[in-house]
Amino acid sequence: MKSEISKLPEPYKGLQPYEEENQDIFFGRETEREILIDKIFSNKLTLLFAGTGVGKSSLLQASVLSELKRPDRENLDVVYYKDWVSGPLSELKKTVIQTLQKQGKVSADYDYEDDVSLKAFLQICSTFASEPLVVMLDQFEEFFQYQRYQEGFHDFVRELAESVNDRETPVVFVISMREDFALELNEFKEHLPTTLFENYFRLEKLEIDKAKEAIERPVKKVGFQYESGLLDEILRDLAEREKERRFGKTSTPFSKDIPAYVEPPYLQIVCRHLWEAEQRNPERIIRKKAYLESGRAKGFVDSYFEEVMTKFSPAEKSIASRSFNHLITPYGTKMAYPIRELSSLIRVDEKEMEKVLEKLRNARILRSQKREGVLWYELYHDIFSNVIYQWNEYYKDSESHYLRLSPEIELSDMIELYRGRVGKLNISDSTNYETETGYCRNQIEPDKLFFEKQIADYDKLNLELIGMIPLEKRIFTYWEAGEIEKTLVLAELSISKGDMNRSENVIKLLATFRSEKSSNILKKHIVPPEDVYIRKEIINAMGSMAPSIAFRHVVILLKDRISSVRRSAVAALGRIGSVEAVPGLIPLLTDQESDVRSSAAEALGRIGSVEAVSRLIPLLTDQKLYVRRSAADALGRLGSIEAVPGLIPLLTDQESDVRRSAADALGRLGSIEAVPRLIPLLTDQDSYVRRSAADALGRLGSIEAVLGLIPLLTDQNWSVRSSAADALGRLGGVEAVPGLIPLLTDQDSSVRSSAADALGRIGSVEAVPGLIPLLTHQNPDVRNSAADALNRLGNVEAVPRLIPLLSDQDSDMRRYASEALGCLGSVEAVPRLIPLLTDQDRFVRSSAADALGHIGSVQAAPRLIPLLTDQDSYVRISAAEALVGSIGSVEAVPGLIPLLTDQDSDMRRSAAEVLGRIGSVEAVPGLIQLLTDQDSDVRSSAADALARIGSLEAVPGLIQLLTDQDSDVRSSAAEALSRLGSVEAVPGLIQLLTDQDSDARGSAAEALGHIGSVEAVLGLIQLLADQDSDARGSAAEALGCIGSVEAVLGLIQLLADQESGVRSSAAEALGRIGSVEAVPGLIQLLADQGWYVRCSAADALARLGSVKAVPGLIQLLADQEPYVRGSAAEA
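Residue numbers (my numbering): 1 to 1131.
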């Protein structure tokens, strides 16, 4: 085992960026990858911005680049370039040729002219490459650092801009750089005045669920897993660390609303250290013990650099400190130096310097790289820049024993703004100089000088202290302190194109305030002549604000002259989801800019604008693939049957994304006619298309697709295998069982889960041996699917394996096992289920109560009753419902009646339903009070319960509900009065026949029929012509119950109604009334397509004793439906 484990591949990269060959262990960025790829295809130039350490390079290399190059997807040639030390023009050309040589597009000895312009060079190369050739320029901030003062700087800027402006050559560019260097791109403004910032993407830190994937999925690849609970603990620690870094340790009323993020480098440090500590664990589990012993996340991250430096001698520390002065700029960016130049700068022997630098390299603080035969050193990762800078400042201060002072002024005159405790080592960024000013004491405003403050001045002091913290934190803290005017004035002054990064952060902050005043500030900057970049940031931020505030500011920008502003406005309105935006969005479907048309289609699909359908259909033939794709997606969301003829041809579109979207849309629309064109897509070269086709065919219930789906169970792509299994499960494809059973051991958990679910749906008893082991699978989704499948199969063999899972450490597993045992009705599980009624997890308590209710366990009653007062409403509801089944009415009622006044509306509703089922007369007073409850669902349930109990004293209250503002309540009241046979309710019910809600009209008709109200006949006859088929059917049934001869003519007409249910109800009614005139029409119904219509017609003719019907009835004796044959025989 040891030798096997020692050979395991590394699941984490630590601080090294992920590269193309690491794509199999790179997780958590799938959404960002797809967004970025869409942007790359949509524009000539795409800018990728992110903070330091967020993972731009990893995203590009391990995800975007590899996806673009995939033979079964885009199959493009992608040039990746990031070396900005040497002359970039010649080096970039060399890299392009090397890339094409590697792909076999040009010969190994291909010769090119280095002196041609970059534009001309790329024009030549594009003739060999797949279209478009993608050129990724990564770590572009280093171009400005290394090349700004070099001779070729302006030549590169000019030639790159020329290439971007060349719209004819099929080459697209991606520039990736740190966001705090974004303003450096102003060098390109002269050459790219309109397109520079039109298309950009900002990469955020990892959200919690994505960080979980990035931690968990790589170790699964090597057969390891994290100990239960450890993963959540790591994520919580990393997220808290990030919050503290950004907002400080002080908790505020807004703290809970701040979204949780995880910084990828810190995640990698923690995971890499845990892996190194646990990789030889024979149990293949990463244990919590190792995590706690290392001091949790904070211990890994904050102590790492400090621990490295403790191993350096004083002389080595001195060399390291002086080296750091050059390797890291005051702005926190890294610089690369050859060893000879660095040793010359700090006047240290080259060999001594090499010894220190190599020691730092081995500790992964620095890295080295050979360039043109010379060894260069640079910071391993930007994440260390702040930590090293702080350490270095502390080291220099402690060594020199004097304050850092301006040479022109005296000690008492220098002003420093300092945060934290002086003299304390600051690794975690909790202590640092906020800034060191060049001002003398007499130049500082009096309120900014430090004076001793009395306790009585605390509030005033608090505001003064707020004024000393960094700008963005200051704005947030002023708002929190209730200083609204200070907040808004400062925020408005902070939005300027002079500092784009600061402006963006302040804009986002103002949007989170979600107030009229903060939106007014944003409104001032959203219109020209404000910078386009700032305008777009404001529009994007407003998309997350309250619709009532944001809508009116954004909608006016739909007519802006700048296309990127229009596009941002469209996207924001789509997120807001305001129907009022539709009239402004529809004209943009014909905008001259394709990306605006695409965004408008997406927005209208999100909003659900049926009015846009006729304008969306023409876009299915748009020249731009992403417009066709967006139109197909939107029409699928809108459920537009009219779009089917236009969508079907897209199944053979040359672009795979369009084929995929068309398949998805046709599946949503239930388009049976698309089946013959969807089946060939099961063998499409693009895996996403295959998956979408499988999903669509499963939705459409296409039995003829089964044979085409079975081969996909062995597809190389896991998502295709999963979708094929899902589809076959829906279709009940028994032929697929031999192919599905092996998937229960598939390497991907999603596939195992889908296979288990499919086998359960099909009802495959042969799958039971393979399903039972999955009950203890490490993935909860797999366990749940297996338990559900065994439930469907009703297999008691699973019970012995399920019962031990009730004490599983994983709460989800305890819940799934409870649900499964309840469904199986396992009496032997009762003793192990009862203790779960006090489980710490509310979902487990609820599931255990549900299970005991299903089983009908009388012995559980004493333990269920206390749950009626559980703090969680779902638990109380489950307990109430279980008590009905397990202990009957007498014991349950005293505990249930108080719940009619519970604060939780769901609890009141559930208690009413249960008491109604018990038939508790004691509950009537409380239920009558609920007829006026503020929650409409509670009023409906109370009405139903009172009808079940048969409470005549509730009639006055129920009659009042016939005019309730909620249509469902009106329907429930009508049904209740129907059960009670209340003649007093007839006037109110007759009025309800003209209600605006069709369900209410139908319920009133049924009630009047049940009561037998002759006064209602006229209103019911009018209802026979209602536009709603259910209402027509209910009116017909009611008139049949009343026996109204006056209704015969109208009922005969309904025998030809387009809805089969109405025809059936009319036939039954005419049979009851005894209408001989109806015989010809009834005889025709004996050949109706609906078997229940044929039944109703036969029954009616039997009542009428019509001899004329005999030939037709004899034919029905051979009907394929047994019920029809029975009705014909009786007739």
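Glycine included, each C-beta is placed from N, C-alpha and C at the ideal position.
Item                                                                                                                       : Value
Near the ligand SAH: Leu728 beta-carbon under 7 angstroms from a heavy atom                                                : Among the components of this structure there are no ligands whatsoever, and the ligand SAH is therefore not found.
The stretch 833 to 843 touching the stretch 809 to 822, judged by at least three CB pairs closer than 8 angstroms          : yes
Validate contact between the stretch 762 to 770 and the stretch 791 to 803 using beta carbons, cut 8 angstroms, 3 pairs    : yes
Sequence-distant residues of its chain with Cβ nearer than 6 angstroms to Ala1109 (five each side left out)                : Ile1083 and Leu1101
Arg1125 - DSSP class collapsed to helix/strand/coil                                                                        : helix
Span separating the alpha-carbon of Gly708 from that of Gly1033                                                            : 42 angstroms
Neighbour-count burial assignment, Arg167, 16 or more Cβ in a 10 Å radius                                                  : exposed
Cα-Cα separation between Asp808 and Ala297, rounded to whole angstroms                                                     : 27 angstroms
Residues sharing a beta bridge with Glu207, DSSP                                                                           : Tyr261
Residue(s) in a DSSP beta bridge with Glu378                                                                               : Arg367
Close-in-space but distant-in-sequence residues of the same chain around Arg178 (CB under 6 angstroms, 5 per side omitted) : Thr52 and Glu141
For Arg761, the three-state DSSP class (helix, strand or coil)                                                             : helix
Buried or exposed by the 16-neighbour rule on C-beta atoms within 10 Å, applied to Leu790                                  : buried
Local conformation of Leu201 per DSSP, three classes                                                                       : Checking the sequence, you will find Phe at residue 201 rather than Leu. Three-state DSSP puts Phe201 in a strand.
Beta-bridge partners of Val675, as assigned by DSSP                                                                        : Bridge partners of Val675: none, in fact.
Closest residue to Arg340 among Val308, Tyr377 and Ala1038 (Cα-Cα distance)                                                : Tyr377
DSSP state of Ser6 mapped onto helix, strand, coil                                                                         : Per-residue confidence for Ser6 stands at a pLDDT of 47, beneath the threshold of 50, marking its modelled position as unreliable; the derived number appears in the next sentence. In this structure, Ser6 counts as helix in the three-state DSSP scheme.
Length of the line joining the Cα atoms of His854 and Pro742                                                               : 33 angstroms
Helix, strand or coil at Ser640 [DSSP, three-state]                                                                        : coil
Under 8 angstroms between C-beta atoms of Gln150 and Met335                                                                : no
Option nearest Phe201 by Cα separation, candidates Gln23, Ile37, Leu961 and Ile286                                         : Ile37
Residues near Ser889 in its chain [Cβ-Cβ closer than 8 angstroms; skip 5 each side]                                        : Since pLDDT at Ser889 reaches only 49, below the 50 mark, its modelled position is unreliable, and no value is offered.
In DSSP terms, what Met177 is bridged to                                                                                   : Phe49
Distance, Asp138 Cα to Arg637 Cα                                                                                           : 37 angstroms
Beta carbon of Leu805 nearer than 8 angstroms to that of Leu775                                                            : yes
Nearest to Glu704 (by Cα), restricted to the options Gly732, Ser687, Asp999 and Leu883                                     : Gly732
Burial state of Pro88 (16 or more Cβ within 10 Å)                                                                          : buried
Neighbourhood of Leu375 by C-beta, 8 angstroms cutoff - its chain only, sequence neighbours within 5 removed               : Pro338, Ile339, Ser368 and Gln369
For Leu1104 and Gly1074, the rounded distance between their alpha carbons                                                  : 6 angstroms
Whether Met353 touches Ile328 by CB criterion (8 angstroms)                                                                : no
Residue from Thr932, Leu1039 and Glu207 whose Cα sits closest to the Cα of Gln1022                                         : Leu1039
Close-in-space but distant-in-sequence residues of the same chain around Val656 (CB under 6 angstroms, 5 per side omitted) : Here residue 656 is Ser; the residue named in the question, Val, does not match the sequence. The residues are Asp686 and Val689.
CB-CB length for Arg1063 against Val1014, believed under 8 angstroms                                                       : Their Cβ separation, rounded to whole angstroms, is 25 angstroms, which puts Arg1063 and Val1014 out of contact at 8 angstroms.
Spatial distance of Arg567 from Ile475 (CA atoms)                                                                          : 30 angstroms
Contact the stretch 646 to 666 vs the stretch 614 to 622: 3+ CB pairs below 8 angstroms                                    : yes
Beta-carbon proximity of Leu989 to Leu1018, cut-off 8 angstroms                                                            : no
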